[in-house]
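Worksheet: one structure, shown below.
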Amino acid sequence: MRGYADTTGCRRQYLLGYFGENCEVPCGACDNCREGRSEQPPRSRARAPGFQVNDRVSHRAWGPGVVMSLDESDGASDTVTVLFDALGYKTLALALVAENGILRAE
Ligand SMILES: [Zn+2]
């Protein structure tokens with residue numbers, strides 16, 4: 325908790341990392357991201373590639389899953405959390421998902 329209070333990186337990444345989850349990019353929404361203190365600055369706003377909660381999706385490497393939530397800030401969807409059949413919850417940056425086409429609706 326001390327580390328959480330003192331971190332100058334993305335607080336979401338710190339928390340998810342603490343609980344053993346991977347968050348690949350800063351969330352862009354916590355105080356450190358907004359202040360530009362995160363080590364990797366968030367990408368410019370992602371445009372949501374049309375995912376909806378409860379959509380069945382397929383990831384190139386991780387297989388099928390279901391969209392559990394879309395994290396939005398300022399009206400733009402920044403991350404998508406997917407419950408993968410094989411791997412459990414993963415949070416993905418929509419910017420990367422859209423660029424690489426690694427996640428698609430089934
Ligand atoms: Zn953050």
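Here the numbering used here runs 324 ahead of the position in the sequence shown, where the first position is 1.
Just so you know, even glycine gets a beta-carbon here, dropped at the ideal spot from N, CA and C.
From a predicted model like this one, the values you see are computed outputs, not experimental measurements.
Which of helix, strand or coil DSSP assigns to residue i
| i | result |
| --- | --- |
| Glu-345 | coil |
| Arg-380 | strand |
| Leu-340 | helix |
Beta-carbon spacing of residue i, residue j below 8 Å
| i | j | result |
| --- | --- | --- |
| Phe-408 | Leu-394 | no |
Endpoints, beta strand (DSSP E) assigned at residue i
| i | result |
| --- | --- |
| Leu-418 | Per DSSP, Leu-418 belongs to no beta strand (DSSP E); it is in the alpha helix (DSSP H), 418–424. |
| Arg-428 | 427–429 |
Buried versus exposed call for residue i [16 or more other C-beta atoms within 10 Å across all chains shown]
| i | result |
| --- | --- |
| Leu-411 | exposed |
| Val-377 | exposed |
| Thr-332 | exposed |
| Pro-388 | exposed |
Check: residue i C-beta below 7 Å from any heavy atom of ligand 2
| i | result |
| --- | --- |
| Ala-385 | For the structure depicted, ligand 2 is absent and the ligand set comprises only ligand 1. |
Span of the alpha helix (DSSP H) around residue i
| i | result |
| --- | --- |
| Arg-326 | 326–330 |
| Arg-358 | 355–358 |
What is the chain-ordered set of residues for which the beta carbon lies under 7 Å from any non-hydrogen atom of ligand 1?
Any residue whose Cβ sits closer than 7 Å to a heavy atom of ligand 1 makes the list: Cys-334, Arg-335, Arg-336, Gln-337, Pro-350, Cys-351, Gly-352, Ala-353, Cys-354, Asn-356, Cys-357 and Ser-362.
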